[in-house]
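J.: Each protein sequence line maps, in turn, to chains L and D. Quick note, my numbering runs 11 ahead of the 1-based positions in the first sequence. Quick note, my numbering runs 11 ahead of the 1-based positions in the second sequence. Cβ coordinates follow ideal geometry from the N, Cα and C atoms, glycine included.
Protein chains: 2
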Amino acid sequence: MRETISNQPSSQVEKQKNKTESLDFILEKSKELGPEMIENYREIHENPELGGEEFETARKVKDYLQNLSIEIVGEGIGGSGIIARIKGKEGGPTIALRADMDALPVQEAESNSPRSQKDGVMHACGHDSHTAALMGAAKMLKELADKGELNGSSILLFQPSEEKAHQKESGAVQMIKFLEKSGLRKNIDAFLGLHVFNSLERGQVQLKEGVQLASSGEVDVILKGPGGHIINAYDTPSLHHIFSKLTLRLEEMFKPMEKKEEALVASARTKYAGTGYNILPAEAESTWVVRVTSPHFKEISKSIEADIKRIANEVVAEHLKEIKEETGRTDIGNVDILIKKRPGYRPVVHRSPELVGIADKSAEQVIDNYQKNEKLLMGGEDFSFYLENFQGKEIPGVFAMIGSANPEKGYPKTAHHTPDFKIDPDAIKDLAALYSNFTVNAIEYFKEKRDN
Amino acid sequence: MRETISNQPSSQVEKQKNKTESLDFILEKSKELGPEMIENYREIHENPELGGEEFETARKVKDYLQNLSIEIVGEGIGGSGIIARIKGKEGGPTIALRADMDALPVQEAESNSPRSQKDGVMHACGHDSHTAALMGAAKMLKELADKGELNGSSILLFQPSEEKAHQKESGAVQMIKFLEKSGLRKNIDAFLGLHVFNSLERGQVQLKEGVQLASSGEVDVILKGPGGHIINAYDTPSLHHIFSKLTLRLEEMFKPMEKKEEALVASARTKYAGTGYNILPAEAESTWVVRVTSPHFKEISKSIEADIKRIANEVVAEHLKEIKEETGRTDIGNVDILIKKRPGYRPVVHRSPELVGIADKSAEQVIDNYQKNEKLLMGGEDFSFYLENFQGKEIPGVFAMIGSANPEKGYPKTAHHTPDFKIDPDAIKDLAALYSNFTVNAIEYFKEKRDN
């Protein structure tokens with residue numbers, strides 16, 4: 012590229028030179044920091060903490076940042092969230108980088124290494140790697156800033172409670188409120204969120220314009236029946252029967268929407284009250300996740316909720332009618348239907364094609380065998396809130412899913428949220444480099460935009 | 012009846028007079044003891060204990076019997092079982108009376124009174140009333156014996172662990188072993204077991220010759236799949252889908268057998284591992300109770316078990332095939348099927364029509380508005396073991412279900428094993444009177460049989 016640079020005006024040449032130097036620094040530094048980041052990842056992985064309780068993780072992050080003389084501007088946010096700031100050139104653009112810190116109520120497979128040392132809690136979604144990567148990126152960006160090579164500022168968001176999946180409990184919402192209240196938010200030009208993604212191999216990155224991730228939300232179907240002894244299983248309203256039928260009916264109705272990538276409506280389980288195998292439960296519940304890939308997610312979600320309610324009513328009515336006909340009795344007891352809607356996360360919408368382009372280019376520069384994947388994903392993410400209008404201001408941003416499987420190295424495509432989940436730890440380097448490189452490139456983009 | 016008696020030979024007259032006096036005594040005494048029995052019932056109801064842990068209940072029973080100078084011949088049997096003996100006329104027949112003492116893991120409804128004072132444990136099947144009734148019967152029979160009016164002996168069986176529902180854990184089996192080892196069993200002429208039954212109103216008694224209660228036993232269907240994130244619900248083997256389909260298919264297959272009173276094959280619930288609504292479970296299990304009303308229950312149970320296994324295999328295969336076709340993928344993961352059979356209780360078989368006749372007559376004499384109901388019941392009962400061949404000896408007996416609902420008095424037909432279950436406490440008097448009256452009548456029957 013040097014040849015072409017020589018023909019450009021000197022300020023342009025200087026800029027390009029800076030950028031090339033920054034990129035070289037990031038590439039070199041992210042390799043050098045690899046072992047340290049993997050060690051931090053291992054420690055966090057072994058000591059997973061559920062959403063809102065990431066106290067030890069936050070303490071570790073804070074100690075690390077303070078050792079680097081990075082300014083902590085907020086802590087204990089939403090329980091344990093930490094916000095820090097790296098100041099580069101005065102008056103330059105500000106890019107906010109987000110990593111989530113929470114683990115899940117999953118019992119880790121014994122064969123995993125590193126492995127959770129806490130029974131029933133596991134980093135089964137990779138947030139440990141996000142935290143470790145953002146710690147590494149912080150070190151790089153601080154060094155760039157100290158060298159006078161960062162033309163703006165970086166806000167580091169170590170966020171709690173991403174997995175809660177409801178707006179009320181969302182760690183992102185707490186972080187945004189703090190940013191707004193503290194006056195930090197008004198200066199932020201863009202947000203970047205990264206997530207490891209085990210459905211893709213290292214090198215592949217899921218990233219697209221428009222809707223990147225679906226909205227989330229749930230509908231709880233709660234039924235209360237008379238219950239009873241198992242000997243009356245065929246003479247009494249049976250919640251096991253009703254939920255079996257309801258599950259199949261709803262799946263039949265909603266599977267085509269999933270195949271067309273319009274929405275995911277699915278349920279992982281039905282929970283029955285009590286435990287006795289010979290006691291017909293008097294209450295049971297199944298949660299249907301509703302994820303919509305359209306900006307009109309609110310209307311579509313409403314219509315899906317209405318369908319669930321209607322089918323539940325139909326299945327219950329059919330069952331009661333059948334028992335009454337078969338037994339000739341009318342006093343068989345009733346089944347009450349309760350439908351609860353829980354608002355979830357908005358879809359992650361990339362409103363700025365330019366920022367998606369910068370993320371694409373930044374990833375290409377730092378990730379080996381880079382390949383962009385534009386498949387739409389049904390995973391909900393509270394990162395969406397960072398990109399939504401709040402107090403009259405909407406800030407653009409990007410959320411990218413970074414391939415973390417590496418079957419050849421012994422890291423097959425194990426599924427997120429399962430006991431076997433494990434990522435190639437070297438993927439952490441990819442995230443750290445991308446956090447840093449996107450920051451540098453986005454700062455230049457916004458600087459240029461302001462200058463023109 | 013006095014008119015006809017005068018024409019009988021004097022020994023016959025004496026016998027009839029004794030019997031009439033005993034009956035009058037039992038009728039009067041069971042009324043008099045009503046409040047005391049209800050108080051004992053209330054105390055046991057408020058302090059329910061699960062099978063094998065009936066220590067406080069047993070202590071209460073033991074204190075009560077010792078206060079009456081009734082001989083305790085065994086205690087701590089199967090954990091907490093108590094066996095006592097009331098000796099009447101030397102060399103007379105011996106009738107063993109059984110009451111079970113265990114409660115269930117059910118959370119009692121707040122509106123019930125008396126109400127369990129233990130969270131999650133409840134006398135939801137009425138064993139508290141059996142224990143209280145047998146305590147009352149013991150008092151009556153001891154008084155009859157002390158007056159020289161009991162022509163034989165009574166063995167009182169306060170049995171633990173009826174609800175375990177498996178031969179290995181059955182309290183009855185422990186009691187029988189003790190009876191055999193202690194030499195008590197060889198002198199027992201008959202067993203009587205009573206159970207309150209809330210599907211019938213007071214006065215009605217379920218009692219029939221031949222098979223009175225079905226065999227019991229279970230088949231556990233355990234499936235292990237790959238699990239995963241809910242976003243893959245339609246691309247991954249889903250245990251929620253498989254169990255929903257399996258439940259409906261098995262119900263369709265086995266419901267006709269229940270309607271024909273041949274067998275009950277039913278499942279109250281499916282249990283899914285984990286709790287996350289957005290995590291596809293990697294393991295799930297449903298227990299199918301198998302209750303057969305034929306003396307050939309072993310062969311029939313085997314054939315039912317084979318059917319369950321076959322259908323489970325079919326449903327899993329269909330599901331895997333469908334996903335492979337829809338996704339065009341072959342690496343969707345597998346579903347392992349594990350079928351576990353658990354031997355339960357044998358059917359309760361009334362091999363002696365004469366004893367059923369004596370129970371019928373005895374009930375008619377002491378229960379107001381008595382009406383015999385001969386419907387076959389699917390409830391399993393470890394009382395069955397008392398009536399089976401053990402060490403080369405088979406002892407006959409009767410098990411009767413005593414109506415305990417009384418809607419007019421505020422005791423509707425609430426189902427056994429549910430939080431709302433409650434009986435009319437006055438039913439305890441019916442049980443106590445029947446325990447006592449059957450003992451008197453059966454002793455006379457066996458005495459006569461020996462004399463002739």
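1. Compare the Cα-Cα distances from L/N243 to each of D/V276, D/S226, D/M264 and report the closest residue.
2. For a test of the three-state rule: what should DSSP assign to L/M146, helix, strand or coil?
3. Taking only beta carbons into account, state which residues of the stretch 248 to 260 of chain L come closer than 9 Å to chain D, listed in chain order.
4. Are the Cβ atoms of D/E365 and D/N162 separated by less than 8 Å?
5. What residues in its chain sit with their C-beta under 7 Å from that of D/H428, if we drop five residues either side in the sequence?
6. Given a threshold of 16 other Cβ atoms within 10 Å of its Cβ, counted over all protein chains shown, does D/F487 qualify as buried or as exposed?
7. Beta-carbon separation of L/G147 and L/E263 under 8 Å?
8. So, are the CB atoms of D/A95 and D/I83 less than 8 Å apart?
9. To the nearest angstrom, how far is the alpha carbon of L/L387 from that of D/S227?
10. Just reading off the alpha helix (DSSP H) that L/I86 is part of, what are its end residues?
11. Are L/I319 and L/W299 touching if we call contact CB-CB under 8 Å?
12. Taking just the CA atoms, how far does D/E180 sit from D/N452?
13. Can you tell me whether L/T341 is buried or exposed? The criterion is at least 16 other CB atoms within 10 Å of its CB, across all chains shown.
14. Can you list the residues of chain D that L/S278 reaches, using a CB-CB cut of under 7 Å?
15. Residues of chain L with a CB under 7 Å from the CB of D/N345: which are they?
16. For the stretch 307 to 390 of chain L, list the beta strand (DSSP E) runs that are entirely contained and at least 3 residues long, ordered along the chain.
17. Only counting runs of 3 or more residues, tell me where the beta strand (DSSP E) segments fall wholly within the stretch 44 to 106 of chain L, in order along the chain.
18. Which residues in the same chain as D/F401 place their Cβ atom closer than 7 Å to its Cβ, once the five residues preceding and following it in sequence are excluded?
19. For D/H177, tell me which candidate among D/F432, D/Y356, D/A443 has the shortest Cα-Cα distance.
20. For chain D, is any of its Cβ atoms less than 8 Å away from the one on L/V232?
21. Out of curiosity, what's the CA-to-CA distance linking D/E14 and D/K153?
22. What span of residues does the alpha helix (DSSP H) with L/F449 cover, start to end?
23. Can you tell me whether D/Q118 is helix, strand or coil according to DSSP?
24. For chain L, find out if any of its Cβ atoms is closer than 8 Å to the Cβ of D/M48; answer yes or no.
25. Label D/T286 either buried or exposed according to how many other C-beta atoms from any shown protein chain fall within 10 Å of its C-beta, with 16 as the threshold for buried.
26. By alpha-carbon positions, which one of D/F457, D/P358, D/P430 ends up nearest to D/D393?
27. Among the residues of its own chain, which have a CB less than 6 Å from the CB of D/M12, if the five just before and after it don't count?
28. Quick test of the definition: if touching needs 3 or more C-beta pairs under 8 Å, does the stretch 280 to 295 of chain L touch the stretch 244 to 256 of chain L?
29. In the DSSP assignment, the alpha helix (DSSP H) including D/T258 goes from what residue to what residue?
30. From the DSSP output, in three-state form, read off L/L218 for me.
31. So which residues on chain D does L/L155 lean against when the C-beta distance must stay under 7 Å?
32. Less than 8 Å between CB atoms is the rule here; does D/Y288 satisfy it with respect to chain L?
33. Just the C-alpha distance for L/G390 and L/F308, rounded to the nearest angstrom, thanks.
34. I need the DSSP call for D/Q185, collapsed to helix, strand or coil.
35. Hey, could you find the ends of the beta strand (DSSP E) D/H206 is sitting in?
36. Cβ of D/F412 within 8 Å of Cβ of D/H206?
T.: This is what the structure gives:
1. Translated into the one-based positions of the first sequence, residue 243 of chain L becomes position 232. Comparing Cα positions, the closest option is D/V276.
2. One-based indexing of the first sequence puts residue 146 of chain L at position 135. Helix at L/M146.
3. Only those residues of the stretch 248 to 260 of chain L whose C-beta falls short of 9 Å from the nearest C-beta of chain D are listed: S249, L250, H251, H252, F254, S255, K256, L257, T258, L259.
4. Along the second sequence, one-based indexing puts residue 365 of chain D at 354. Along the second sequence, one-based indexing puts residue 162 of chain D at 151. No; because the gap between Cβ atoms is not below 8 Å, this pair is not in contact.
5. As a working note, residue 428 of chain D is residue 417 in the second sequence. Here D/H428 has L115, V117, A135, C136 as same chain residues with Cβ atoms under 7 Å from its own Cβ, once five neighbours each way along the sequence are excluded.
6. This structure leaves residue 487 of chain D out entirely; chain D is present only between 12 and 463.
7. On the first sequence, residue 147 of chain L is found 136 positions in, with the first residue counted as 1. On the first sequence, residue 263 of chain L is found 252 positions in, with the first residue counted as 1. Cβ distance not < 8 Å, so L/G147 and L/E263 don't count as in contact.
8. For this step, residue 95 of chain D is matched to residue 84 along the second sequence. For this step, residue 83 of chain D is matched to residue 72 along the second sequence. Yes, Cβ-Cβ distance for D/A95 and D/I83 is below 8 Å.
9. Residue 387 of chain L sits at position 376 when you count from the first residue of the first sequence. Residue 227 of chain D sits at position 216 when you count from the first residue of the second sequence. Between the alpha carbons of L/L387 and D/S227 lies a distance of about 52 Å.
10. Taking the first residue of the first sequence as position 1, residue 86 of chain L is located at position 75. Reading off the sequence, residue 86 of chain L comes out as Glu, not Ile. In the DSSP assignment, L/E86 falls outside any alpha helix (DSSP H) and lies within the beta strand (DSSP E) extending over 82 to 88.
11. The count along the first sequence starts at 1 and reaches residue 319 of chain L at position 308. The count along the first sequence starts at 1 and reaches residue 299 of chain L at position 288. Their beta carbons are under 8 Å apart, which means L/I319 touches L/W299 by this criterion.
12. Within the second sequence, numbered from 1, the residue matching residue 452 of chain D stands at position 441. Within the second sequence, numbered from 1, the residue matching residue 180 of chain D stands at position 169. For D/N452 and D/E180, the gap between their C-alpha atoms comes out near 33 Å.
13. Within the first sequence, numbered from 1, the residue matching residue 341 of chain L stands at position 330. Exposed.
14. Stepping through the first sequence from its first residue, residue 278 of chain L is reached at position 267. H251, listed in chain order.
15. Position 334 of the second sequence holds residue 345 of chain D. Chain L residues near D/N345: none, gap ~14 Å exceeds 7 Å.
16. You should have 347 to 354, 359 to 361, 382 to 384.
17. Runs of the beta strand (DSSP E) inside the stretch 44 to 106 of chain L: 82 to 88, 92 to 98.
18. As a working mapping, residue 401 of chain D is identified with position 390 in the second sequence. Taking D/F401 as the centre and dropping the five residues before and after it, the same chain places the C-beta of I187, E191 closer than 7 Å to its C-beta, in chain order.
19. Taking the first residue of the second sequence as position 1, residue 177 of chain D is located at position 166. If you compare the alpha carbons of D/F432, D/Y356, D/A443 with that of D/H177, the shortest gap goes to D/Y356.
20. By one-based count along the first sequence, residue 232 of chain L stands at place 221. Cβ-Cβ to chain D under 8 Å: no for L/V232.
21. Position 3 of the second sequence holds residue 14 of chain D. Position 142 of the second sequence holds residue 153 of chain D. Only weak support is given to the placement of D/E14: the predicted model assigns it a pLDDT of 35, under 50, and the value that follows is read from those uncertain coordinates. Between D/E14 and D/K153, the C-alpha separation is close to 31 Å.
22. Residue 449 of chain L sits at position 438 when you count from the first residue of the first sequence. 438 to 462 is the extent of the alpha helix (DSSP H) around L/F449.
23. Looking up residue 118 of chain D in the second sequence gives position 107. Look at D/Q118 here: in three-state DSSP terms it is coil, with no helix or strand label.
24. In the second sequence, counting from the first residue as 1, residue 48 of chain D sits at position 37. No, D/M48 lies away from the interface with chain L (no Cβ there is under 8 Å from its Cβ).
25. The sequence position of residue 286 of chain D within the second sequence is 275, counting from 1. That one is exposed.
26. As a working mapping, residue 393 of chain D is identified with position 382 in the second sequence. Looking at the Cα atoms, D/P358 is the closest of the given residues.
27. Stepping through the second sequence from its first residue, residue 12 of chain D is reached at position 1. Confidence at D/M12 is low in this model, with a pLDDT of 29, below 50, so the placement of that residue should be treated as unreliable; the coordinate-derived value is given next. Leaving aside the five residues that flank D/M12 on each side, none in its chain has a CB nearer than 6 Å to its CB.
28. Three or more beta-carbon pairs separated by less than 8 Å link the stretch 280 to 295 of chain L to the stretch 244 to 256 of chain L, which places the two stretches in contact.
29. As a first step, residue 258 of chain D must be located in the second sequence, where it is residue number 247. For D/T258, the uninterrupted alpha helix (DSSP H) segment begins and ends at 250 to 270.
30. By one-based count along the first sequence, residue 218 of chain L stands at place 207. Looking at L/L218 - three-state DSSP - the assignment turns out to be coil, as it is neither helix nor strand.
31. Mapped onto the first sequence, residue 155 of chain L falls at position 144. What L/L155 touches in chain D: nothing, since even the nearest Cβ is about 36 Å away.
32. Taking the first residue of the second sequence as position 1, residue 288 of chain D is located at position 277. Taking a beta-carbon distance threshold of 8 Å, D/Y288 counts as an interface residue toward chain L.
33. As a first step, residue 390 of chain L must be located in the first sequence, where it is residue number 379. As a first step, residue 308 of chain L must be located in the first sequence, where it is residue number 297. If you take the alpha carbons of L/G390 and L/F308, they lie about 14 Å apart.
34. Working through the second sequence from its first residue, we reach residue 185 of chain D at position 174. The three-state secondary structure of D/Q185, taken from DSSP, is helix.
35. Position 195 of the second sequence holds residue 206 of chain D. From DSSP, the beta strand (DSSP E) with D/H206 extends over 199 to 212.
36. By one-based count along the second sequence, residue 412 of chain D stands at place 401. By one-based count along the second sequence, residue 206 of chain D stands at place 195. Strictly speaking, residue 412 of chain D in this sequence is Met, with Phe absent from that position. D/H206 is positioned such that its CB atom lies closer than 8 Å to that of D/M412.
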